[in-house]
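Using my numbering, the first residue of the sequence shown is number 418, and each one after it goes up by one. Heads up, the beta-carbon is just placed ideally off N, CA and C, and yes, glycines get one too. See below for the structure under consideration.
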Amino acid sequence: MTDFHAFNEWLWSCDPRFAVKVQDWHAQWRAMLAHHNRRLPEDKTAFTIDGRYRVVVVDEGFALYNLMERSGNEGPMAIYQTP
418 MTDFHAFNEW LWSCDPRFAV KVQDWHAQWR AMLAHHNRRL PEDKTAFTID
468 GRYRVVVVDE GFALYNLMER SGNEGPMAIY QTP
(Lines of atoms letter the chains of each structure in order from A and count residues from 1; the text may use other names and numbers.)
(Lines give C-alpha, C1' and ligand atoms only; values in the text may rest on other atoms or scores of the structure.)
Protein backbone atom coordinates (compact mmCIF):
# COMPACT_ATOMS: atom_id res chain seq x y z
CA MET A 1 0.00 0.00 0.00
CA THR A 2 1.23 3.47 -0.82
CA ASP A 3 2.09 5.83 2.02
CA PHE A 4 -1.04 7.93 2.48
CA HIS A 5 0.67 10.36 4.85
CA ALA A 6 3.25 11.31 2.22
CA PHE A 7 0.42 11.80 -0.28
CA ASN A 8 -1.44 14.06 2.12
CA GLU A 9 1.71 16.10 2.84
CA TRP A 10 2.01 16.65 -0.89
CA LEU A 11 -1.63 17.80 -1.00
CA TRP A 12 -0.91 20.23 1.85
CA SER A 13 1.70 21.90 -0.36
CA CYS A 14 -0.89 22.25 -3.15
CA ASP A 15 -4.13 23.06 -1.32
CA PRO A 16 -4.28 22.90 2.51
CA ARG A 17 -8.09 23.09 2.71
CA PHE A 18 -8.48 20.21 0.30
CA ALA A 19 -5.79 18.23 2.17
CA VAL A 20 -7.82 18.53 5.38
CA LYS A 21 -10.90 17.12 3.63
CA VAL A 22 -8.88 14.27 2.15
CA GLN A 23 -7.37 13.48 5.54
CA ASP A 24 -10.80 13.47 7.22
CA TRP A 25 -12.38 11.28 4.56
CA HIS A 26 -9.45 8.88 4.63
CA ALA A 27 -9.77 8.59 8.43
CA GLN A 28 -13.51 7.87 8.11
CA TRP A 29 -12.86 5.35 5.36
CA ARG A 30 -10.26 3.50 7.45
CA ALA A 31 -12.54 3.60 10.51
CA MET A 32 -15.38 2.11 8.47
CA LEU A 33 -13.14 -0.73 7.32
CA ALA A 34 -11.90 -1.33 10.86
CA HIS A 35 -15.48 -1.23 12.16
CA HIS A 36 -16.34 -4.11 9.88
CA ASN A 37 -13.27 -5.94 11.18
CA ARG A 38 -11.57 -5.99 7.80
CA ARG A 39 -8.09 -5.24 6.64
CA LEU A 40 -7.70 -2.95 3.67
CA PRO A 41 -8.80 -5.32 0.91
CA GLU A 42 -7.32 -5.05 -2.56
CA ASP A 43 -10.68 -4.09 -4.06
CA LYS A 44 -11.16 -1.17 -1.63
CA THR A 45 -8.43 1.05 -3.01
CA ALA A 46 -10.34 4.29 -3.51
CA PHE A 47 -12.50 6.82 -1.72
CA THR A 48 -14.56 9.85 -2.72
CA ILE A 49 -14.40 13.32 -1.16
CA ASP A 50 -17.44 15.64 -1.22
CA GLY A 51 -18.81 13.74 -4.20
CA ARG A 52 -16.41 15.79 -6.35
CA TYR A 53 -13.02 14.12 -6.07
CA ARG A 54 -11.87 10.53 -6.04
CA VAL A 55 -8.54 9.27 -4.66
CA VAL A 56 -7.44 5.96 -6.16
CA VAL A 57 -4.44 3.80 -5.33
CA VAL A 58 -2.55 3.09 -8.56
CA ASP A 59 0.75 1.34 -9.27
CA GLU A 60 2.58 4.68 -9.29
CA GLY A 61 1.08 5.92 -6.00
CA PHE A 62 -2.18 7.86 -5.56
CA ALA A 63 -4.23 9.37 -8.40
CA LEU A 64 -6.59 12.29 -7.83
CA TYR A 65 -9.64 12.56 -10.12
CA ASN A 66 -12.06 15.45 -10.42
CA LEU A 67 -15.53 13.91 -10.78
CA MET A 68 -17.04 17.25 -11.85
CA GLU A 69 -14.98 17.36 -15.05
CA ARG A 70 -16.55 14.81 -17.33
CA SER A 71 -15.89 16.55 -20.66
CA GLY A 72 -14.03 13.65 -22.24
CA ASN A 73 -11.02 14.00 -19.95
CA GLU A 74 -11.20 10.85 -17.86
CA GLY A 75 -7.57 10.91 -16.73
CA PRO A 76 -6.38 11.92 -13.28
CA MET A 77 -5.78 15.59 -12.49
CA ALA A 78 -2.69 14.61 -10.47
CA ILE A 79 -0.68 11.54 -9.52
CA TYR A 80 1.43 11.45 -6.39
CA GLN A 81 4.31 9.06 -6.93
CA THR A 82 5.75 7.44 -3.87
CA PRO A 83 9.48 7.89 -3.39
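Neighbourhood of residue i by C-beta distance below 7 Å, restricted to the same chain and skipping five residues each side
| i | result |
| --- | --- |
| tryptophan 442 | Phe464 and Ile466 |
Assumed close pair residue i, residue j - CB separation to whole angstroms, cut-off 8 Å
| i | j | result |
| --- | --- | --- |
| phenylalanine 424 | glycine 478 | 7 Å |
Nearest candidate by alpha-carbon position, reference residue i, set the options
| i | options | result |
| --- | --- | --- |
| aspartate 476 | Arg469, His422, Thr462 and Trp429 | Thr462 |
Per-residue burial, residue i [other beta carbons within 10 Å of its own, 16 or more giving buried]
| i | result |
| --- | --- |
| arginine 456 | Any reading at arginine 456 needs caution, since the residue's pLDDT is 47, under 50, leaving its predicted position unreliable; the model's value is listed next. Flag for arginine 456 reads exposed. |
| valine 439 | buried |
Same chain, Cβ closer than 8 Å to residue i, five either side skipped, listed in chain order
| i | result |
| --- | --- |
| tryptophan 427 | Tyr497 |
| phenylalanine 421 | His443 and Phe479 |
| alanine 495 | Cys431, Ala480 and Leu481 |
Assigned secondary structure, residue i (DSSP; H/G/I helix, E/B strand, else coil)
| i | result |
| --- | --- |
| leucine 484 | coil |
Residues near residue i in its chain [Cβ-Cβ closer than 6 Å; skip 5 each side]
| i | result |
| --- | --- |
| arginine 469 | Leu484 and Met485 |
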